[in-house]
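All you need for our numbering is the position in the sequence shown, starting with 1, plus 246.
Contents: one structure, followed by commentary.
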Amino acid sequence: MNTKPRSYSKNRKKRIIITYFYIDITINLLNDLRMQSYSDYTAFCSVRFWVCYTAATAAMVLNSSSRLMNTQDSWELLDTSNSSVRYQIGNPHFEGQTTVVIQGNGAASVEFVRETEKRSYLKQLAPERLEEVRSTLAAYDPRKFTASQKDLVPDEAQIQIEIVEGDRTWVRTFRDQDRWDQSNLQKDVELFGSVAYEVSDGNVQF
Numbered sequence: 247m248n249t250k251p252r253s254y255s256k257n258r259k260k261r262i263i264i265t266y267f268y269i270d271i272t273i274n275l276l277n278d279l280r281m282q283s284y285s286d287y288t289a290f291c292s293v294r295f296w297v298c299y300t301a302a303t304a305a306m307v308l309n310s311s312s313r314l315m316n317t318q319d320s321w322e323l324l325d326t327s328n329s330s331v332r333y334q335i336g337n338p339h340f341e342g343q344t345t346v347v348i349q350g351n352g353a354a355s356v357e358f359v360r361e362t363e364k365r366s367y368l369k370q371l372a373p374e375r376l377e378e379v380r381s382t383l384a385a386y387d388p389r390k391f392t393a394s395q396k397d398l399v400p401d402e403a404q405i406q407i408e409i410v411e412g413d414r415t416w417v418r419t420f421r422d423q424d425r426w427d428q429s430n431l432q433k434d435v436e437l438f439g440s441v442a443y444e445v446s447d448g449n450v451q452f
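Structural data, given as structure tokens:
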């Protein structure tokens with residue numbers, strides 16, 4: 247059983263609580279520094295030091311918590327046997343449509359459809375290849391991309407990415423032009439294209 251997300255969630259809550267604690271201390275010290283008249287220069291410097299220290303600590307904890315929240319979803323991608331990523335690109339009535347499905351256990355399938363033609367391929371990805379897929383998706387998380395709101399032009403291909411993690415499903419559809427406007431999306435397109443080529447032994451290159 248995978249326990250990473252639950253562990254990360256607990257750590258995130260702890261970091262947020264600690265951050266608010268330091269922020270509260272900083273505010274109280276600032277108010278004290280503003281309202282009190284210190285005749286003792288040493289006491290004045292001591293209060294200023296603790297203001298700076300608590301503010302800096304709060305900033306570091308908050309920054310660490312922010313990084314954790316920003317990457318938590320990425321760690322979950324293909325992290326369990328009941329997780330999967332499905333990638334689909336193309337137009338089945340024009341140049342063809344390619345669908346790539348990668349399971350969390352490394353099983354991968356590729357399907358190519360063009361008019362009445364249909365070809366399917368299955369292969370188990372090597373552990374190091376699966377890890378490469380995971381790390382690429384973590385670096386270029388599809389859930390962070392923005393789909394264009396413009397209407398499709400005639401015969402324009404679409405890119406659809408579906409992520410399943412247990413009982414959670416995320417789906418987004420992009421225009422083909424979006425990958426040229428967003429270099430990070432193009433990285434994912436290249437990744438899935440290479441998987442399609444590998445699983446089909448070079449028979450699917452789109």
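Each residue gets a CB set at the ideal place from its N, CA and C atoms; glycine is no exception.
*Enclosing beta strand (DSSP E) for residue 327 [first to last residue]*: Run containing residue 327: none; DSSP gives neither H nor E here.
*Through-space distance from residue 367 to residue 404, alpha-carbon basis*: 22 Å
*asked:* Using 8 Å as the cut-off, can you tell me whether the segment 384-394 makes contact with the segment 427-436, which would need three or more C-beta pairs spanning the two stretches below that distance?
replied: yes
*For residue 402, name the three-state secondary structure that DSSP assigns.*
coil
*How would you write the range of the beta strand (DSSP E) that residue 375 sits in, first residue to last?*
It is not in any beta strand (DSSP E) - residue 375 instead sits in the alpha helix (DSSP H) that spans 373-385.
*Hey, would you say the C-beta of residue 347 is under 7 Å away from at least one heavy atom of the ligand MN?*
Only the bare structure without any ligand can be found here, which leaves the ligand MN out of the picture.
*asked:* Helix, strand or coil for residue 450? Go by DSSP, reduced to three states.
replied: coil
*Have a look at residue 346 and residue 334 and give me their C-alpha separation to the nearest angstrom.*
6 Å
*Below 8 Å between beta carbons: does that hold for residue 324 and residue 371?*
no
*Extent of the continuous beta strand (DSSP E) to which residue 433 belongs*: Residue 433 -> not in any beta strand (DSSP E); alpha helix (DSSP H) instead, spanning 429-445.
*asked:* My assumption, with CB atoms under 8 Å, is that residue 412 sits in contact with residue 328. Please give the rounded CB distance.
replied: 6 Å
*Residue range of the unbroken beta strand (DSSP E) whose run includes residue 341*: That residue, residue 341, is in no beta strand (DSSP E); it is neither H nor E in DSSP.
_Please report the straight-line C-alpha distance between residue 343 and residue 429, rounded to a whole angstrom._
22 Å
_Through-space distance from residue 348 to residue 360, alpha-carbon basis_ = 21 Å
*asked:* I'd like the span of the beta strand (DSSP E) that includes residue 389, first residue to last.
replied: Element bounds for residue 389: n/a, residue is neither H nor E.
*Just checking my contact of residue 356 with residue 445 at CB under 8 Å: how many whole Å lie between their CB atoms?*
5 Å
*So, using beta-carbon positions, are residue 393 and residue 414 closer together than 8 Å?*
no
*Determine which residues share a DSSP beta bridge with residue 364 and list them.*
359
*Is the CB-CB distance between residue 354 and residue 450 below 8 Å?*
no
*Alpha carbon to alpha carbon, what distance is there between residue 422 and residue 379?*
21 Å
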